[in-house]
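Trainee: Heads up, my numbering is the position in the sequence shown plus 1445, with the first residue counted as 1.
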Amino acid sequence: MRILIDFRKFDGVVGGVEQFVIQLTRHIAEAGNSVLILARSSRFEEVARMFEEYRAVKTLPLRTRSHRIAMKNAWLDTVTIQKIAKREGVDVIHFPYNWSLPFRKAVPCVLTIHDVIPFTFREAMGLFTNIILYKPVTRLACRLNDVITTVSEFSKREIVDKVGVEPDKIRVIPNGLREPTHVELGGGITRRLRLEHGYILNVGGIHERKNIPRLIRAFARLLALESYPGKLVITGSVTGNPYVEKMKRVCDSVVKEEGLEERVIFTGFITDEELDILLRNADCLVYPSLYEGFGIPILEAMRMGTPVITSNIGGTAEVAGDAAILVDPYNIEELSSAMAELIHDGALRRELCAKGRKKASAYSWAETAKRYLELYNEIIERSRA
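1. Select from I1514, A1807 and R1623 the residue whose C-alpha is nearest the C-alpha of E1718.
2. Can you say whether A1663 is buried or exposed, counting buried as having 16 or more other CB atoms within 10 angstroms of its CB?
3. Confirm, please, whether the CB-CB distance from I1825 to D1536 is below 7 Å.
4. Return the CA-CA distance between C1587 and Y1542, expressed in angstroms with no decimal places.
5. Considering only the alpha carbon of each residue, which of T1635, P1506 and R1694 lies closest to E1490?
6. Would you mind giving the Cβ-Cβ distance between Y1817 and I1618, rounded to the nearest angstrom? I have them listed as a contact below 8 Å.
7. Is it the case that the stretch 1638 to 1649 contacts the stretch 1717 to 1735, given that we only count it when at least three CB pairs across the two stretches are under 8 Å?
8. If we ignore side chains and look at the alpha-carbon of each, how far apart do K1531 and A1551 end up?
9. Roughly how many angstroms separate the alpha carbons of K1800 and D1767, rounded to a whole number?
10. Do E1763 and F1599 have their C-beta atoms within less than 7 Å of each other?
11. Buried or exposed, going by whether 16 or more other CB atoms sit within 10 Å of the CB of P1581?
12. Is K1866 helix, strand or coil when you go by DSSP?
13. What separation, rounded to the nearest whole angstrom, lies between the Cα atoms of R1708 and E1796?
14. With DSSP as the reference, please indicate the residues paired to K1503 in a beta bridge.
15. Using the C-alpha atoms, what's the distance from K1528 back to A1390?
16. Classify I1722 as helix, strand or coil using the three-state DSSP reduction.
17. Go ahead and label M1516 buried or exposed: buried means 16 or more other beta carbons lie within 10 angstroms of its beta carbon, across all protein chains shown.
18. Thinking C-beta only, is M1747 closer than 7 Å to L1724?
19. Would you please state the rounded distance, in angstroms, between the beta carbons of T1595 and T1557? I believe it to be under 8 Å.
20. Let me confirm a value: K1701 is counted as buried when at least 16 other C-beta atoms fall within 10 Å, else exposed. Which label applies?
21. Going by DSSP, what residue range makes up the alpha helix (DSSP H) through L1556?
22. So what does DSSP say about Y1732, is it helix, strand or coil?
23. Just confirm the distance between the C-beta atoms of D1451 and S1545, as a whole number of angstroms; I'd bet it's less than 8 Å.
24. Note down the Cα distance separating R1794 from Y1644, rounded to an integer number of angstroms.
25. Just to confirm, is the Cβ distance from A1769 to I1473 under 7 Å?
26. Using the beta-carbon count (16 or more within 10 Å), is A1832 buried or exposed?
27. So R1549 and T1509 are supposed to be a Cβ contact under 8 Å. How far apart are they, rounded?
28. Is the CB-CB distance between L1578 and I1514 below 7 Å?
29. Using only alpha-carbon positions, find the residue among L1667, E1812 and V1605 that is nearest to R1584.
30. How do the stretch 1654 to 1672 and the stretch 1731 to 1745 stand: do at least 3 beta-carbon pairs fall below 8 Å, yes or no?
31. Could you tell me which residues DSSP puts in a beta bridge with R1447?
Structural data, given as structure tokens:
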């Protein structure tokens, strides 16, 4: 098979979607298939280096400054990329980031929608962009592409209900897990942050849907009722974006109101190595998100043998299953009680650690790539029938 994957979104930062493309490409190539990766011209050399050890991967440049919703990118979807696909003998085009507008297709096109968060939480997205651009373009993109893939049954239901896509057009293929880095048993970032008395960890940033103000209040309630000596550690960038800086001010206000200036730590951006150290050594991961399509941090913690508390709604509940304590993320008392229970109940911790390791072991990028290859084959056969 010869697959073309659009990697215009890469702008130098490897987030969840970028990791998805990198891992999928590598595993597809390792399975004996050819992959063409499209990168922005300005990022061409960086992307080419990512795959230089894979002879079956070829990187091609696209003249565009961003992957934002714009007429130029729609033109690339419809004309330029289709011409490349025809010239290179491509069997399938995969657009892996929520929208693409191939009004004319040379070969079948797959669109991955990881979630439809802006249909529920607008967050940093402006009102005009949300109503006039994002929602209509997402609906149009789902009509124009041949198959929609997503990461969970929850996200599938959301796409059906909020975007209006027929269920039969959507295929659920969960994400995989990155390989863990070499993890120290203790030290490094834990020493720097002075976490010798233990800590409760939250991962994923401080966007509105991450529910950090309620988590801080729940932690304050825990300290008021229990003799827990540790800290609350919250990872993720807190600068460089007006929306994120606004949310940091909201969180700082709650920290000050609760008198927790010495007990709550915002780490800012951390590396994968530092994240793995924090995950391995945490007393528990608390991930009380109000909306997630999937929930990679839950599985990363479980893989490390760290017990998890997460929301009983959305993609987090689906991913965690019975391997975590599920709570109402809007209920501060319930969240605080769950933390206290995990701290004191050693048997429960051991049970959740065992269930979590088993749960996490079911997710791999090799399995994700295998299921995508099966889907590509199905689409190719259907197009040739």
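Beta carbons: idealized from backbone N, C-alpha and C, even for Gly.
Mentor: Based on what the coordinates show:
1. Looking up residue 1718 in the sequence shown gives position 273. Answer by Cα proximity: R1623.
2. Sequence index remark: in the sequence shown, residue 1663 carries index 218 (1-based). By the 10 Å Cβ count, A1663 comes out buried.
3. Counted from its first residue, the sequence shown places residue 1536 at position 91. Counted from its first residue, the sequence shown places residue 1825 at position 380. Contact: yes.
4. On the sequence shown, residue 1587 is found 142 positions in, with the first residue counted as 1. On the sequence shown, residue 1542 is found 97 positions in, with the first residue counted as 1. Their Cα atoms are separated by approximately 12 Å.
5. What you label residue 1490 is simply residue 45 of the sequence shown in a count that begins at 1. Per the Cα distances, P1506.
6. Here residue 1817 is taken as the residue at index 372 of the sequence shown, counted from 1. Here residue 1618 is taken as the residue at index 173 of the sequence shown, counted from 1. Between Y1817 and I1618 a beta carbon distance of about 6 Å is seen, short of the 8 Å cut, so the two are scored as contacting.
7. yes
8. Your numbering for residue 1531 matches position 86 in the sequence shown. Your numbering for residue 1551 matches position 106 in the sequence shown. For K1531 and A1551, the distance between alpha carbons rounds to 6 Å.
9. Within the sequence shown, numbered from 1, the residue matching residue 1800 stands at position 355. Within the sequence shown, numbered from 1, the residue matching residue 1767 stands at position 322. For K1800 and D1767, the distance between alpha carbons rounds to 8 Å.
10. The count along the sequence shown starts at 1 and reaches residue 1763 at position 318. The count along the sequence shown starts at 1 and reaches residue 1599 at position 154. In contact: E1763 and F1599 (Cβ atoms closer than 7 Å).
11. Numbered from its first residue, the sequence shown carries residue 1581 at position 136. Label assigned to P1581: exposed.
12. For the chain, the structure presents residues 1446 to 1830; residue 1866 sits outside this window and is missing.
13. Taking the first residue of the sequence shown as position 1, residue 1708 is located at position 263. Taking the first residue of the sequence shown as position 1, residue 1796 is located at position 351. In a straight line, the C-alpha of R1708 is about 28 Å away from that of E1796.
14. Against the sequence shown, residue 1503 aligns to sequence position 58. DSSP lists L1481 as partners of K1503.
15. Residue 1390 is absent from the structure shown; the chain starts at 1446 and stops at 1830.
16. Translated into positions along the sequence shown, residue 1722 becomes position 277. Reduced to three states, the DSSP call for I1722 is helix.
17. Here residue 1516 is taken as the residue at index 71 of the sequence shown, counted from 1. Under this definition M1516 is an exposed residue.
18. Here residue 1724 refers to the residue found at position 279 of the sequence shown. Here residue 1747 refers to the residue found at position 302 of the sequence shown. Taking 7 Å as the Cβ cut-off, L1724 and M1747 do not qualify as a contacting pair.
19. Residue mapping note: residue 1595 aligns to position 150 of the sequence shown, counting from 1. Residue mapping note: residue 1557 aligns to position 112 of the sequence shown, counting from 1. At roughly 7 Å, the Cβ-Cβ gap stays under 8 Å, so T1595 and T1557 are in contact.
20. What you label residue 1701 is simply residue 256 of the sequence shown in a count that begins at 1. Classification for K1701: exposed.
21. Working through the sequence shown from its first residue, we reach residue 1556 at position 111. Counting along the chain, L1556 falls outside any alpha helix (DSSP H), though it belongs to the beta strand (DSSP E) covering C1554 to T1557.
22. Here residue 1732 corresponds to residue number 287 of the sequence shown, with the count starting at 1. DSSP, reduced to helix, strand and coil, places Y1732 within a strand of the structure shown.
23. Residue mapping note: residue 1451 aligns to position 6 of the sequence shown, counting from 1. Residue mapping note: residue 1545 aligns to position 100 of the sequence shown, counting from 1. That pair is a contact at about 7 Å.
24. Locating residue 1794 in the sequence shown gives position 349, where the first residue counts as 1. Locating residue 1644 in the sequence shown gives position 199, where the first residue counts as 1. Roughly 15 Å separates the two Cα atoms.
25. The count along the sequence shown starts at 1 and reaches residue 1769 at position 324. The count along the sequence shown starts at 1 and reaches residue 1473 at position 28. Cβ atoms of A1769 and I1473: not closer than 7 Å.
26. Nothing about residue 1832 can be read from this structure; the chain reaches only from 1446 to 1830.
27. Numbered from its first residue, the sequence shown carries residue 1549 at position 104. Numbered from its first residue, the sequence shown carries residue 1509 at position 64. Going by Cβ atoms, the distance from R1549 to T1509 rounds to 18 Å, so no, they are not a contact pair.
28. For this step, residue 1578 is matched to residue 133 along the sequence shown. For this step, residue 1514 is matched to residue 69 along the sequence shown. It is a contact, given that the beta carbons lie within the stated cut-off.
29. Indexing the sequence shown from 1 puts residue 1584 at position 139. Closest in C-alpha terms to R1584, from the list L1667, E1812 and V1605, comes V1605.
30. yes
31. Translated into the one-based positions of the sequence shown, residue 1447 becomes position 2. According to DSSP, R1447 shares a beta bridge with S1479.
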